[in-house]
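Here the structure comes first, spelled out in structure tokens, and everything after it is commentary.
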Amino acid sequence: MTDILAELDWRDLYADSTDRDALAQRLAAGPLTLYCGFDPTADSLHVGNLVPLFALRRFQLAGHHPIVLAGGATGMVGDPSGKSDERNLQTPDQVAHNIAAIRGQLQKFLDFTTAQNPACLVNNADWTAPVSFLEFLRDVGKHITVNTMVAKDSVRSRMEERSSGISFTEFSYMLLQGHDFYHLRKTLKCELQVGATDQWGNITVGTELTRKKLGVTVWGLVFPLLTKSDGSKYGKTAAGTVWLDAQRTSPYRFYQFFVNSDDSDVIKLLKILTFLSRDEITALETGLAAQPGARGAQKALAREMTTLVHGPEALAAALKASEILFGGSLDGVTEEIFNDVVGEVPTLDLERAKLDGAGSAIADLVVQAGLAPSKGQARKDLDAGGIYLNNVRAEHTRAVTPADLLFGKYLLLRKGKRSYAVLVAR
RNA sequence: GGUGGAAUAGCGAAGUGGCCAAACGCGAUUGACUGUAAAUCAAUUGGUCUCCGACCUUCGGUGGUUCGAAUCCACCUUCCACCA
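Residue numbers for the first sequence follow the working numbering, beginning at 869 and rising by one.
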């Protein structure tokens, strides 16, 4: 069995844990069961969820039993950690729908079918919902003092924020999460909870509660919160969150998100998010230092991630789409691949009749496609050599005829390096 | 309430009767270079056209003076400063 703690250490995935020495001994003694919770706030996971998910996978590969806990109950309350405002409550239907959607995604990362140590998915609503409020106060609330609860950073920061405050509902969140840990220890012999550092407070409530109620030791282990080198939150782009669901974030954009990683972030991301070996990553790091322009590390990261999440075929399509959208030739492109491109850029209709006869002036089409605000501007861009038709630089005298249509209906227009538009003849 | 001053393009800021579609700076766009980065250099930056030229619409708003107004006059609007 691999030494999972050493593995986490070198991947910079270890931030803190309760009683590390004792945990190391326990891990060395044999497989244990561990869990990590996810709040079903949306019907898809996003890249920010990947760190704990991959950590669970690493534990599974090391022979341990991973449990994914979907926060059917806690998700209805809202975790105050890292949130400056009170959350909106979700309806039970929403939560159930989200959990069902997330289940499918989890199967890509964790093995739920292996005979040895299959992963399992539990929903804390199953054991939380039946408990009455009075029972909860007596069985859980009695063991935790408000003094310790108020001392948690997540709570204190919200209490200092006079304008918004914190509701009793969110204040109670940590008790629910603590109760989960206790419950999982009792029913599934779960001995370790992992999460990002912002979960530290919630996790220690669980270890404390379990010790007091069952008289046994359980551990908590947290990973560093994934941030970009500039300190901003990971997993967001100008266009929004990067989701794992192909409907929400296309494989192409998913791939591009990782290709665009900063040099200063990419090695860290490779360590945390991929299963590449230490040697492979070191090689990529050397390559990055020697030849930053080649962006080998970024591309390796993007390849790994896209393959893992969307599969090899989606990766191939994303690569081809990238090639086209960064000026590559359209030779040999199939309609299927081109359709991927169409999905990525603004698409507008064009009356087919306009191309008949002498054809249409390219400047008109540039305006119609929304790439220039006026015909005068379109002409200037053409004069500057900044307009491309089907990825070939266009002369400003050029007339566009039906012969230029790709697959009989598309025109791919580009202004400059990256502004694309597709016109669909109708 | 009083007295001065200001309002110009995406932003900042020149321009005080014709040579003004309006200097300059920033920003933005395009090109070269590059790594889908940064920096640098160049071009463009109200609109239309038959585009080396012409026309149209713009300098807070409305009217006026003039052959001609961003520029002068009147009124209005908004903002700033100082004084109460």
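Glycine is no exception: its CB is placed at the ideal position from the N, C-alpha and C atoms.
Burial state of residue 1188 is buried, judged by a 10 Å Cβ sphere holding 16 or more other Cβ atoms.
Pairing residue 1089 with residue 1049, the inter-Cα distance amounts to about 13 angstroms. Counted as a single uninterrupted DSSP element, the alpha helix (DSSP H) harbouring residue 1078 occupies residues 1068-1082.
Boundaries of the alpha helix (DSSP H) harbouring residue 1190: 1180-1193, taken from the DSSP string. A residue is called buried once 16 or more other Cβ atoms fall within 10 Å of its Cβ, and residue 1162, having fewer, is exposed. Judged by pairs of C-beta atoms under 8 angstroms, the segment 902-914 does not touch the segment 871-885, as fewer than three such pairs exist. In the displayed model, residue 903 falls within a strand according to three-state DSSP. For residue 990, the enclosing beta strand (DSSP E) begins and ends at 988-991. By the neighbour-count definition (other C-beta atoms within 10 Å, threshold 16), residue 1029 is an exposed residue. Contact annotation: residue 1251 and residue 1243 have beta-carbon atoms that are not nearer than 8 angstroms.
In the structure shown, residue 958 adopts coil according to DSSP, grouped into three states.
The DSSP-derived three-state label of residue 1135 is helix. For residue 1022, the enclosing alpha helix (DSSP H) stretches over residues 1021-1028.
In this structure residue 1246 is not in contact with residue 1289, their Cβ atoms being roughly 12 angstroms apart against a cut-off of 8 angstroms. Collapsing the DSSP output to three states places residue 1154 in a helix. Residue 1120 sits close to residue 1212, with the two beta carbons spaced by under 8 angstroms.
Here residue 914 is not near residue 1200, since their CB atoms are 8 angstroms or more apart. Residue 1240 is a Cβ neighbour of residue 1283, given a cutoff of 8 angstroms. DSSP places residue 1278 in the strand class (E or B) of the three-state scheme. For residue 1091, there is no enclosing alpha helix (DSSP H); the residue is found in the beta strand (DSSP E) stretching over 1087-1091. The three-state reading of DSSP puts residue 1116 in coil, since its state is none of H, G, I, E or B. Contact between residue 900 and residue 935 fails: their C-beta atoms lie close to 11 angstroms from each other, not under 8 angstroms. Rounded to whole angstroms, the separation of the alpha carbons of residue 1258 and residue 1034 is 56 angstroms. Sequence-distant Cβ neighbours of residue 873 in its own chain, meaning closer than 8 angstroms and more than five residues away, are 882, 888, 891, 892, 895. Boundaries of the beta strand (DSSP E) harbouring residue 1217: 1215-1218, taken from the DSSP string.
Within the model, the alpha-carbon separation for residue 947 versus residue 970 is close to 19 angstroms.
In this structure, residue 1086 keeps its C-beta atom at 8 angstroms or more from the C-beta atom of residue 1072.
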